[in-house]
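Enquirer:
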Amino acid sequence: MLKDTIDAAIKQAMLAKDKVRLTTLRSIKSQIMLAETAEGANGAALAPDAELKLLNKAAKQRRDAATIYKEQFRSELEENELAELAIIEEFLPAQLSEADLVERLVLIIQRVGAQGPSDLGKVMGVAARELSGQADGKRISDVISHLLNNTNL
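Heads up: the sequence shown begins at 9 in the numbering used here, then just goes up one per residue.
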């Protein structure tokens, strides 16, 4: 269970006096606890897919913030966001390589029967579900767009 893993990592970060890691892990634990106590959750532990969704959301927030800070030439803030992102990614499943992602998306496109760019939504829905946690949604969308625009599948 993710919450137990995070608790153990928090203890390690405290012993190591690693402030960035400790802050990031506490943030994740806080989000887990909020999700568990949200209305309709009945205080039950999160399902693995809900935990994965929560981690992906946290990672995306850090990526987006780092991009904004980079555009604003705020390198100290960008570095902090990237450090937090690296910590969050430790708890996410391994990301697909570019070649593996393309291969999986080509199979999905063929299975769905997509013919061109107008079928992006149809392919994206299936791909997002099947590749959840294994690749960033924007990355999936970019590769699908590229594949559908080059119709020589």
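Quick reminder that beta carbons are idealized off the backbone N, C-alpha and C, glycines included.
Among 37, 155, 61 and 76, which has the Cα closest to the Cα of residue 115?
Expert: The candidate whose alpha carbon is nearest that of residue 115 is 155.
Enquirer: Give the straight-line distance between the Cα atoms of residue 41 and residue 47, rounded to the nearest whole angstrom.
Expert: The straight-line gap from Cα to Cα measures roughly 12 Å.
Enquirer: Spatial neighbours of residue 32 within its chain, please: CB distance less than 7 Å, with the 5 preceding and 5 following residues excluded, ordered by chain position.
Expert: Answer for residue 32: 92, 95 and 96, listed in chain order.
Enquirer: Chain D beta carbons: is any one of them nearer than 9 Å to that of residue 105?
Expert: No chain D appears in the structure shown, which is made up of a single protein chain.
Enquirer: Any heavy atom of the ligand GTP closer than 8 Å to the beta-carbon of residue 22?
Expert: Absent from the structure shown: the ligand GTP. Ligands present: none.
Enquirer: Compare the C-alpha of residue 147 against each of 125, 110 and 30 and name the closest.
Expert: It is 110.
Enquirer: Just to confirm my understanding: we take residue 125, look at its own chain, exclude 5 residues before and 5 after, and list those with CB closer than 8 Å. What are they?
Expert: So the list reads 153, 156 and 157, once near-sequence residues are dropped.
Enquirer: Under 9 Å, do residue 36 and residue 66 count as touching if we go by C-beta distance?
Expert: Yes. Within cutoff.
Enquirer: For the alpha helix (DSSP H) containing residue 66, name the first residue and the last one.
Expert: Note, residue 66: alpha helix (DSSP H), 56–79.
Enquirer: Spatial neighbours of residue 131 within its chain, please: CB distance less than 8 Å, with the 5 preceding and 5 following residues excluded, ordered by chain position.
Expert: Counting only Cβ-Cβ distances below 8 Å, and skipping sequence neighbours, we find 113, 116, 117, 120, 122, 152 and 156.
Enquirer: Consult DSSP for residue 47 and reduce its assignment to one of helix, strand or coil.
Expert: Of the three classes helix, strand and coil, the one that applies to residue 47 here is coil, per DSSP.
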